[in-house]
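Engineer: Residue numbers (the numbering used here), protein chains in the order written: chain D, 1 to 117; chain P, 118 to 234.
Just so it is clear, CB atoms sit at the ideal spot from N, CA and C, and this is done for glycine as well.
All of these numbers come straight from a predicted model, not from anything done at the bench.
There are 2 protein chains.
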Amino acid sequence: MVELDRCEINCIHDEAVKAVKEALFSEDIAISLAELFKALGDPTRVKILFSLMTRELCVCDLAAVIGASESAVSHQLKILRTLRLVKFRREGKIMFYSLDDDHIEKLFAQGLEHVTE
Amino acid sequence: MVELDRCEINCIHDEAVKAVKEALFSEDIAISLAELFKALGDPTRVKILFSLMTRELCVCDLAAVIGASESAVSHQLKILRTLRLVKFRREGKIMFYSLDDDHIEKLFAQGLEHVTE
DNA sequence: ATTATATATGAACATATGATCATATGAATA
DNA sequence: TATTCATATGATCATATGTTCATATATAAT
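1) Taking P:Cys175 as the reference, give the member of D:Leu49, D:Tyr97, D:Glu15 with the closest Cα.
2) Given 8 Å as the limit, is there contact between the region 159-167 of chain P and the region 43-51 of chain D, that is, 3 or more CB pairs closer than that?
3) Within 9 Å of any Cβ in chain P, is that where the Cβ of D:Leu107 sits?
4) On the DSSP bridge assignment, give the partners of P:Cys177 in chain order.
5) So, does the region 16-26 of chain D touch the region 70-87 of chain D, judging by three or more C-beta pairs under 8 Å?
6) With respect to 8 Å, is the separation between the Cβ of P:Thr161 and the closest non-hydrogen atom of the ligand FMN below this value?
7) Thinking just about the alpha-carbon of each residue, which of P:Glu173, P:Phe205, P:Pro160 is nearest to the one in P:Gly184?
8) If you count every other CB in all the chains shown that lies within 10 Å of the CB of D:Gly41, and 16 or more means buried, which is it?
9) Could you check whether the Cβ of D:Cys11 sits closer than 9 Å to any Cβ belonging to chain P?
10) Exposed or buried, which one is P:Met118 when buried takes at least 16 other CB atoms within 10 Å?
11) For P:Arg123, count neighbouring C-beta atoms within 10 Å of its own C-beta (all shown protein chains included) and say buried if the count is 16 or more, exposed if not.
12) If you draw a straight line from the C-alpha of P:Phe213 to the C-alpha of D:Phe37, how long is it?
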């Protein structure tokens, strides 16, 4: 608040701030977006999601593929489920997980472009 | 390790694990990808980046637009700079920040699709 | 019914993160 | 060159995060 006052007098470019503020999406959307990206922001979850891009897998297989404990994988799957990034179906004792939609593929493709360029 | 042994006997679908393991990218890439997404996984940084999609802005303007302290913005800009998500140019005392490439726009577009559907 | 198996969940712990405050830097101006 | 201003940085602290271990649940098999 105090800083805003000082700033308005000295440095702020008023029209720029006003214009950008109007274009800025809502707090809610910013938080949702951040939550989505945060879910993708962990190596274990990245590996889980990338593994599921090939085919559906059970928790045990996922753990073996990415080299993590089944408990750790299960915990991370819960986060991915909450954000509707993965879905699952039960077959007896086994839960098969798969990607919930194709957004992840596209996000990964974009992300890889940035990372590998 | 112990769990792997137990698992191999009981639950693992060997060919599936083998196939997916081969398709899986390297540990390094997984970590880089996670770092990129993690950088996008914070409301303050999301707002900064989205603001910069409209036009270049100085630290002071950014702080005013998103309603955060200039110090907080500066700290976050450092993270974004490290990951080559933003670039900057100096004009006297003022630093103007802008997006470093167009990947962020595409990532945001994809992310918004998921979040708002 | 009892046991085994696949997965889920809760508690605990170490580490990471983001904001704030104080201070430092670097450029313009008096 | 002394001061002011815009930004950067370091320290600190409260909170969040991810793993592990122990335990619970749900299904299948005996």
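Structural biologist: This is what the structure holds:
1) Working through the second sequence from its first residue, we reach residue 175 of chain P at position 58. Looking at the Cα atoms, D:Glu15 is the closest of the given residues.
2) no
3) For the purposes of this step, residue 107 of chain D is taken as residue 107 along the first sequence, with counting starting at 1. D:Leu107 counts as touching chain P.
4) For this step, residue 177 of chain P is matched to residue 60 along the second sequence. Paired residues: none, contrary to the question.
5) no
6) Questions concerning the ligand FMN fall outside what the structure shown contains, since it holds no ligand whatsoever.
7) As a first step, residue 184 of chain P is located in the second sequence; it is residue number 67 there, counting from the start. Per the Cα distances, P:Pro160.
8) As a first step, residue 41 of chain D is located in the first sequence; it is residue number 41 there, counting from the start. Burial call: buried.
9) The residue you call residue 11 of chain D lines up with position 11 of the first sequence. By this cut-off, D:Cys11 is an interface position.
10) Looking up residue 118 of chain P in the second sequence gives position 1. At P:Met118, the pLDDT of 32 sits below 50, so the modelled position is not reliable; the number obtained from the coordinates is stated separately. Under this definition P:Met118 is an exposed residue.
11) Within the second sequence, the letter at position 6 stands for residue 123 of chain P. Confidence at P:Arg123 is low in this model, with a pLDDT of 43, below 50, so its placement is unreliable and the value that follows should be read with caution. With fewer than 16 other Cβ atoms within 10 Å, it is exposed.
12) Here residue 213 of chain P is taken as the residue at index 96 of the second sequence, counted from 1. Here residue 37 of chain D is taken as the residue at index 37 of the first sequence, counted from 1. Distance between the alpha carbons of P:Phe213 and D:Phe37 is about 26 Å.
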